[in-house]
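Below is one structure; the comments refer to it alone.
Residue numbers (this note's numbering): 10 to 478.
Here is the structure:
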């Protein structure tokens, strides 16, 4: 079934999010909506899915108008948003069953479909696990399974590989190719050129304005510190998330943490930032013990999690004020730091906007600003650029280099191989263990491969493959 957009427009008060957009998506083709943050990709998909009414124009999906018959459109499509649409207190199997009931999938068809979904997603061993306990990559695979349980004619996906490691990303794209080859119309939004190249057709979107450039980097605190870890272990019942990990990070070093989803990266970062107690082993951050001095550690570090740690019901200005209050940043210093954050994030014109209304990229830049409001000597970044367009990602890394040059220790987890190349050293985790630790060039040389992605896949496969959970 085809998708036809005809002059599709959406305004939010004075902001024109989508302006007179027209395109065709043909059956058995994979179309990419490509553009930077704020270009209108998510708004376009929401209008196509019938969950947001256009201000002007229309779109036909399977010949049905989204303006006149939005509910009827929903029977022919599946829409996977960035928020997954999962029920975290239900298991994997219960989530899929819920969507099967919602789409009225006949009982006799569910078994074969579920078997195939489990086969390509590797979710079978985890069908009894709560969705809220899955890693980010597995949540996305589960969300895709829920979308595909009724075998829709049209599949709409909003940045489906956001926060997914290279192996899972490759598997997700293979699934999309299979759906396309079976005649499904697939529309995917993305901000990355490499994913755009995988699409059969591309619609390039661009924002009407651009955020102001970075005017100055964060100044690191005068007393910096390093990170050291010895035999660090964390268990959850019978499951060992981090298994006897040891490493050290030098002052001013950009230390990259790579690994498949569920490898233990986020758990390690949570222990180092005082958010989770180790089961065994020791560690020091900024010279402070991660077991006994957790509150002191929190004052000496910046931490940006995958969940951003923002308050959606507060405005941009209120989130900045709240973060400043946590670290006693007041008066003239707060005014200076706020001005820097607004210049870095491009949010000067959105101070009074609720954070929940911001595009994903702006949320991430605001979260980064909140994390460095107090100019910490050590900065922990848990996949900070996931979903951010390439230009914004490059600007972010320029900032990271400036910080490191001034002595700030950067500890960053990422799924982007080009970002891993920027790190001084890399630690690759799999199944809770560090299976490689060296400079990016050294890792490629040792394995005799040309790219870091090849090195990543080779090392994980040698270690017995990825455990996804």
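Don't be surprised by glycine CBs; every beta carbon is placed ideally from N, CA and C.
Since the model is a prediction, treat every value here as computed from it, not as a measurement.
For residue i and residue j, what's the separation of their Cα atoms in angstroms?
i: residue 112; j: residue 70; result: 18 Å
i: residue 388; j: residue 372; result: 18 Å
i: residue 394; j: residue 169; result: 15 Å
i: residue 39; j: residue 320; result: 36 Å
i: residue 241; j: residue 131; result: 28 Å
i: residue 410; j: residue 363; result: 31 Å
i: residue 431; j: residue 357; result: 29 Å
i: residue 251; j: residue 291; result: 13 Å
i: residue 29; j: residue 266; result: 43 Å
i: residue 444; j: residue 260; result: 23 Å
i: residue 21; j: residue 329; result: 24 Å
i: residue 120; j: residue 109; result: 11 Å
i: residue 345; j: residue 256; result: 36 Å
i: residue 296; j: residue 258; result: 12 Å
i: residue 299; j: residue 286; result: 8 Å
i: residue 201; j: residue 41; result: 10 Å
i: residue 331; j: residue 415; result: 27 Å
i: residue 333; j: residue 368; result: 23 Å
i: residue 238; j: residue 80; result: 54 Å
i: residue 139; j: residue 327; result: 34 Å
i: residue 323; j: residue 463; result: 43 Å
i: residue 159; j: residue 91; result: 20 Å
i: residue 180; j: residue 277; result: 26 Å
i: residue 64; j: residue 17; result: 8 Å
i: residue 447; j: residue 461; result: 12 Å
i: residue 236; j: residue 204; result: 35 Å
i: residue 97; j: residue 104; result: 9 Å
i: residue 190; j: residue 275; result: 36 Å
i: residue 301; j: residue 426; result: 35 Å
i: residue 437; j: residue 465; result: 8 Å
i: residue 210; j: residue 66; result: 22 Å
Rank the options by C-alpha distance to the C-alpha of residue i and give the top, closest one.
i: residue 247; options: 288, 255, 265; result: 288
i: residue 469; options: 461, 439, 138; result: 439
i: residue 173; options: 392, 441, 294; result: 392
i: residue 100; options: 447, 148, 190, 66; result: 148
i: residue 215; options: 456, 80, 398, 123; result: 398
i: residue 164; options: 36, 128, 63; result: 36
i: residue 294; options: 340, 336, 417; result: 417
i: residue 429; options: 191, 85, 175; result: 175
i: residue 434; options: 452, 442, 441, 425; result: 452
i: residue 423; options: 66, 243, 171, 210; result: 171
i: residue 12; options: 195, 78, 339, 125; result: 195
i: residue 94; options: 107, 84, 312, 85; result: 107
i: residue 126; options: 427, 77, 102; result: 102
i: residue 59; options: 312, 86, 436, 308; result: 86
Is residue i buried or exposed, if buried means 16 or more other CB atoms sit within 10 Å of its CB?
i: residue 229; result: With a pLDDT of 33 at residue 229, under the threshold of 50, the predicted position of this residue should be treated as unreliable, and no value is reported.
i: residue 178; result: buried
i: residue 449; result: buried
i: residue 220; result: Its pLDDT being 43, under 50, residue 220 is placed unreliably in this model, and the coordinates cannot settle the point.
i: residue 47; result: buried
i: residue 133; result: exposed
i: residue 354; result: buried
i: residue 31; result: exposed
i: residue 455; result: exposed
i: residue 361; result: exposed
i: residue 365; result: exposed
i: residue 245; result: exposed
i: residue 167; result: buried
i: residue 318; result: exposed
i: residue 62; result: exposed
i: residue 459; result: exposed
i: residue 306; result: buried
i: residue 374; result: buried
i: residue 123; result: buried
i: residue 335; result: exposed
i: residue 8; result: This structure gives no information on residue 8, because the portion of the chain shown stretches from 10 to 478.
i: residue 457; result: exposed
i: residue 161; result: buried
Our contact map puts residue i next to residue j with C-beta atoms below 8 Å; I'd like the distance itself, whole angstroms only.
i: residue 27; j: residue 15; result: The Cβ separation is near 12 Å, so there is no contact.
i: residue 492; j: residue 75; result: The structure shown does not extend to residue 492, since the chain is modelled only from 10 through 478, so no value can be given for it.
i: residue 413; j: residue 263; result: 5 Å
i: residue 68; j: residue 54; result: Contact doesn't hold; Cβ gap of about 11 Å is too wide.
i: residue 370; j: residue 404; result: Contact doesn't hold; Cβ gap of about 11 Å is too wide.
i: residue 280; j: residue 243; result: 6 Å
i: residue 442; j: residue 254; result: 7 Å
Kindly examine the ligand NAD and report whether one of its heavy atoms sits closer than 7 Å to the Cβ of residue i.
i: residue 58; result: Because no ligand of any kind appears in the structure shown, any question about the ligand NAD cannot be addressed here.
Assess contact between the stretch 137-149 and the stretch 269-278, defined as three or more Cβ pairs (one per stretch) separated by less than 8 Å. Is contact present?
Here the stretch 137-149 makes contact with the stretch 269-278; the two share three or more CB pairs at distances below 8 Å.
At least 3 beta-carbon pairs within less than 8 Å: the stretch 374-383 vs the stretch 347-365:
Segment contact: the stretch 374-383 against the stretch 347-365, three or more CB-CB distances shorter than 8 Å; contact assigned.
With three or more beta-carbon pairs closer than 8 Å as the criterion, would you say the stretch 153-167 touches the stretch 178-189?
The stretch 153-167, when compared against the stretch 178-189, does touch it at the 8 Å Cβ threshold.
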